[in-house]
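**Student:** Numbers in the working numbering are just positions in the sequence shown, counted from 1, shifted up by 101.
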Amino acid sequence: MEKIFKCSICGYIAEGIEAPEVCPKCGLGKEKFVELSEEDAKKIYASDRTNNIHAEIIVLADRIAELSKEGIEENLDPKCVSAFEKAKNEAWVIKQRCKAELAGHMANGKW
Ligand SMILES: [Zn+2]
Numbered sequence: 102m103e104k105i106f107k108c109s110i111c112g113y114i115a116e117g118i119e120a121p122e123v124c125p126k127c128g129l130g131k132e133k134f135v136e137l138s139e140e141d142a143k144k145i146y147a148s149d150r151t152n153n154i155h156a157e158i159i160v161l162a163d164r165i166a167e168l169s170k171e172g173i174e175e176n177l178d179p180k181c182v183s184a185f186e187k188a189k190n191e192a193w194v195i196k197q198r199c200k201a202e203l204a205g206h207m208a209n210g211k212w
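(1) For the alpha helix (DSSP H) holding Glu167, just list the boundary residues, first then last.
(2) Please state the DSSP three-state secondary structure of Lys126.
(3) Answer with buried or exposed for Cys108, where buried requires no fewer than 16 other C-beta atoms within 10 angstroms of its C-beta.
(4) Which of helix, strand or coil does DSSP assign to Cys111?
(5) Does ligand 1 have a heavy atom nearer than 8 Å to the CB of Cys127?
(6) Below 9 Å between beta carbons: does that hold for Ala166 and Ala192?
(7) Could you spell out where the alpha helix (DSSP H) holding Glu119 opens and where it closes?
(8) Taking the CB atoms as reference points, tell me whether Trp212 and Ser169 lie closer together than 9 Å.
(9) Any idea which residues DSSP pairs Glu106 with across the strands?
(10) What does a CB cutoff of less than 6 Å around Lys104 pick up in its chain, not counting 5 residues either side in sequence?
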């Protein structure tokens, strides 16, 4: 049965029957890995999809900000510029809220 191991140096999470010989992130040896409890392993699996969704929303919010900047530069008329300025500001809020949520996940082992 597969287990979950965490590198005690860099936090890399590995899945397998045994810990990897070398950590793919920091390059240190197998002895630096600790096996996670079933409860901690469940947190990692349960949060995998939502972490990916947050990451994708962050990328999309960045795209909204880029498009909004382009729209502001087009400068069609004041109402149009205002709509793009609002979208750019809202994209920042969306992005930062997702980053804050991810930081909370990481702090709580949901990563
Ligand atoms: Zn490592």
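Every residue, glycine too, gets a C-beta built ideally from N, C-alpha and C.
**Tutor:** In this structure, then:
(1) Note, Glu167: alpha helix (DSSP H), Glu139 to Glu175.
(2) Lys126: coil per DSSP, three-state reduction.
(3) Under the 10 Å beta carbon count, Cys108 is surrounded by 16 or more other beta carbons and is classified as buried.
(4) Coil, per DSSP.
(5) At least one heavy atom of ligand 1 is nearer than 8 Å to the Cβ of Cys127, so yes.
(6) Yes, these two residues count as a Cβ contact at 9 Å.
(7) Per DSSP, Glu119 lies in no alpha helix (DSSP H) segment and is marked neither H nor E.
(8) No, the Cβ-Cβ distance between Trp212 and Ser169 is not below 9 Å.
(9) According to the sequence displayed, residue 106 carries Phe and not Glu. DSSP lists Ala115 and Glu136 as the bridge partner or partners of Phe106.
(10) Answer for Lys104: Glu136, listed in chain order.
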